[in-house]
Every structure is written in C-alpha cells, then in structure tokens.
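Residue numbers (this note's numbering): -1 to 475.
Think of the CB as a built atom: it goes at the ideal place given N, C-alpha and C, for glycine as much as any other residue.
I have placed the structure first, in the form of structure tokens, so that the comments after it can refer back to it.
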C-alpha cells in the first residue's frame, strides 16, 4: 500500500494518474451529481492536495497564519487580478445597454448594409456590442433587434441570429474584460494588451468563418420563424445555468449616437493598448508612467465607466442614485462567476504544488506534443465534458500555467497559448451548456436545429481561431 501511494505521489506516471483521476471526479460531481462548480472545484482541489501528500499547513495554513496557503493564494491571486476588471466591465455594459446604445448601433448598421446585408449588420452588432457586454446579457439585449431584422427581411431567423451570436461568442471568448481572457491573463501572467491584440487577430477569422460564411449557408437551409410573442423569458424548466432574463425592455426614444457609443467602447481598449505599446517603444520616463497608469485595465475601465456615467447618464437626465441602482443591479450576477474562477485558480495552484505540472511537461516532451496543442486539447475535453467555458479555462490555465512559466516565451507567444485555451473552451456547445438552451429558446429552435446551427458555429469558431493561433505560435515561439 505504501509503495503504491509513493508511486502516485513521486513518479511521473503516478502524478499523471492522480491528476487524471482528480479531473474525472470533478467532471462527475459537476455533470452527474450536478454540484455547483465552485463547490466542486474546492472539494476536488482539497482532495487532490491531500492525496498528493501536501502538508496541511501548505494547503490551508495554520490557525495563526493562513495568508500564504494554497487556498488563500489561489483565490486571492486571481481575484485580485480580475474582480475589479470584471466588475467595471459589467457596469460599463449595463449603462451602454440601458441608454439605448444597442438600438442606435442596429439602426445605423441596417441603414448602411440594407436588407440584403442585414445578416452582416447583425454580426457586426454582436461583435461591437459584445465587447463590453456579457454573452447571455448580449443575447437578451440584441434578440428583439434580430427579430425585427428577420421580420423585415422575411427570411429564416437563423440567417440573422447566427452572425450576431458569433460576434457575441467571439468577444466573450477572446477579449477582455470578459471573464475567460481576464482569468487567463492572471493564470498565465500575460498583459491584457497582448490578449486584446491576439484576441482580435485569432478571433476575427473565426467570426467570419462561423458567423458570416457558415451562418449564411445554414441560415438558408434551416428555416425558423420569428416567435410571435418575442419570448418573454428563458424557460425556468430548461437547464440555463441559473440564467433567466426578460427580453422586453422599454424602447429608448432618443438613443445616443453611434459615434458616442463606439468612442466609449474604444476608450479602455485604446488606453490598455497604449500602455502595452508604450512599454515596448518608449524609454522609461514620465510619458511611459502616464501611459502605464492610464492603461492599467482597472484604471482604463474606470475612466470609461465615469465617462459613460456622465454622457449617457447625468447629461441625459439620470440621477446619481439611479446610476447607483443600475450599478448594484448589474453586479448581482457577478459573485458566483468570481467564486468559480477563484476556486479554479486554487485547483491550479494545487496542481502546480504537487508537481503534476512538471510531470505533464515531461510527458508532453516525450510525446512531442507542442504546448499550444496540449492546451487546446485539454480545454476542448473539459468544455465538451462539463459544458462551462469558465471551468474549462480556469482548469486548463491551472494545468498548463506551470509549463508556460517554465519556458521563456515572449508575451505574444504566451497570449497565443491563452487564445488556444479560450478557443477550446467554446467548442461543441451542446445540451450540458446553459447557453445552448438559452439560444434554443430565444431563437425558437428545436434541440436538433440548435445542434445543426449553434453547435456547429461554436465548433467552427473554435477550430479556425485555434488554427490561426497555432500558425502564429509556430512562427513566433
């Protein structure tokens, strides 16, 4: 018995078996037992640490001091990095949505592209509005606008919905301030500016292939009518992952200009990229310090939020109290998301502390598998098995993080590894994914139709974006 335990804790094959068993248990408790991922990650992480023989003082600290324990460092390290960014990004999305920004963008894009180009307009709408807005909230905001475009065009709802969904999915998977990319920035220790750059570079080809090319082809073959009642809310009987939102909102009679909305969305992106390029091109000095301060993601988003509060709120008649209420309402769904990410980061810290990461690196080297392929395969497997993109990202980031840290990769190469993880986390959305049911219900599709359209779209977006990341990684790594 002692020999078997020692083999599990000290040998490369034993550590890999231990890691594989832990992940299998994690999937079982999430999929079969349906335990909340936050609790499941915490339990399995603690169990893995004990099974690997880590000292209790290292896992949870002591009664006197625990701030250096794996539990607190795992949670605190990642939450210190992402909590402010996700919170501010959520608030920014809320004020843009409530002000009528989506209506303004829709009207402008439809005016530019006309009836024949309406699907492209819907795709760009999802792409632009998806930057500051969470995926499911984006569906809730934009679905009625897609219904209108589909009724005016007189064609299948799928033709208009898929490009919009591709835009939302691409931004959600690849671009900060969305949770996945932000979490990867912390787990892999890569600048968010590089993630923004590589997110666009890898994600846009996937968006075009999945949303515009595939959406146009399948939209002419899967005929779905616009729902007569415009679907008031997600069906509570469907497993929507705790998300149920109303789609009816009061129409804003005087929405803000498209230029204003675009400028507000661009502010944090420009500031973050300015700091990134400044660190490469400028010598140390006052200008670089200013760019670094303003381009810190939390500061950049705070500036954008304050601008939005004034030009979309105060200047348009809202009171500070109303804006505070909006802020509180928008932040309510964020808590569980942060807990899942924190628990996933703890799980990753345990994997690193046990030496499993080193064992995995040895096995990967022996198999000749490039790290970017390994990251993608692990992320795909976790996504397909348990449905949550966030769980797939934070678990994969924890597994490959030590491998990345052990190599002298450039920031661009590290960002491309992050993109491969993000790409894997969205592949093959099916019945264990809450988003699958939201889309089926909002866009009046049967399960078969959703598999034919949305599931394939996500897979194309994943594969094409990963292919771009892999080719670029082979060039720069």
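Give the straight-line distance between the Cα atoms of residue 261 and residue 458, rounded to the nearest whole angstrom.
31 angstroms
Please classify residue 106 as buried or exposed, where buried requires at least 16 other C-beta atoms within 10 Å of its C-beta.
buried
Where does residue 223 sit, in a helix, a strand or coil, going by DSSP?
Three-state DSSP puts residue 223 in coil, outside helix and strand.
Can you grab the Cα-Cα spacing for the pair residue 68 / residue 349, in whole Å?
10 angstroms
Three CB pairs or more closer than 8 angstroms across the segment 383 to 399 and the segment 23 to 33
yes
Tell me whether residue 485 is buried or exposed, calling it buried when 16 or more other Cβ atoms sit within 10 Å of its Cβ.
In this structure the chain extends from -1 to 475, so residue 485 is not present and cannot be described.
State buried or exposed for residue 452, treating a residue as buried only when at least 16 other CB atoms are found within 10 Å of its CB.
buried
Would residue 204 and residue 117 be called neighbours here (beta carbons separated by less than 9 angstroms)?
no
Go ahead and pull the three-state DSSP assignment for residue 104.
If DSSP states are grouped into helix, strand and coil, residue 104 belongs with the helices.
Label residue 326 either buried or exposed according to how many other C-beta atoms from any shown protein chain fall within 10 Å of its C-beta, with 16 as the threshold for buried.
So residue 326 ends up on the exposed side.
Does the beta-carbon distance from residue 193 to residue 413 come in below 9 angstroms?
yes
Less than 9 angstroms between the beta carbons of residue 529 and residue 468, yes or no?
Since the displayed the chain opens at -1 and closes at 475, residue 529 lies outside it and no answer follows.
Element boundaries [alpha helix (DSSP H), containing residue 467]:
454 to 474
Taking residue 188 and residue 368 to be in contact with their CB atoms under 8 angstroms, please state how far apart those CB atoms are, rounded to whole angstroms.
The pair is not a contact, with the Cβ atoms about 18 angstroms apart (cut-off 8 angstroms).
Just tell me which of 352, 279, 379, 423 has its CA closest to the CA of residue 14.
Residue 14 has its Cα closest to that of 352, out of 352, 279, 379, 423.
Between the CA atoms of residue 76 and residue 184 - distance to the nearest angstrom:
6 angstroms
Whole angstroms is fine: what's the gap from residue 70's alpha carbon to residue 292's?
29 angstroms
Start and end of the alpha helix (DSSP H) containing residue 446?
445 to 448
Extent of the continuous alpha helix (DSSP H) to which residue 96 belongs:
68 to 96
Taking the alpha-carbon of residue 129 as reference, which of 90, 108, 149 has the nearest alpha-carbon?
90
Within the same chain, show all residues whose beta-carbon is closer than 7 angstroms to that of residue 307, passing over the 5 residues directly before and after it, in chain order.
93, 321
At least three beta-carbon pairs within less than 8 angstroms, the segment 308 to 319 to the segment 159 to 171:
no
For residue 170, which of helix, strand or coil comes out of DSSP?
helix
Which of the three DSSP states, helix, strand or coil, is assigned to residue 314?
helix
Reduced DSSP category for residue 441 - H, G, I as helix; E, B as strand; rest coil:
coil
Contacts around residue 102, its chain only, beta-carbon distance under 8 angstroms, and the 5 residues preceding and following it disregarded
Answer for residue 102: 253, 254, 255, 256, 259, listed in chain order.
Residue 475 to residue 264, Cα distance in whole Å?
30 angstroms
For residue 85, count the other beta carbons within 10 Å of its own beta carbon; 16 or more makes it buried, fewer makes it exposed. Which is it?
buried
Just confirm the distance between the C-beta atoms of residue 115 and residue 127, as a whole number of angstroms; I'd bet it's less than 8 angstroms.
Not confirmed; about 18 angstroms, so no contact.
6 angstroms CB neighbourhood of residue 97 in its chain, flanking five on each side removed:
If we look at residue 97 and ignore the five residues flanking it on each side, its Cβ neighbours are 254, 310.
Looking only at its own chain, which residues have a Cβ that is under 6 angstroms from the Cβ of residue 279, when we skip the five neighbours before and after it?
none
Can you give me the C-alpha to C-alpha distance between residue 196 and residue 473, rounded to a whole angstrom?
Straight-line Cα distance between these residues: approximately 14 angstroms.
Taking residue 11 as part of the alpha helix (DSSP H), name the residues at either end of that continuous run.
10 to 29
At a cut of 8 angstroms, does the segment 435 to 449 reach the segment 397 to 407 through at least three beta carbon pairs?
no
Can we say the segment 266 to 280 touches the segment 288 to 305, given the rule of at least three CB pairs closer than 8 angstroms?
yes
Between the alpha carbons of residue 284 and residue 295, how many angstroms are there, rounded?
19 angstroms
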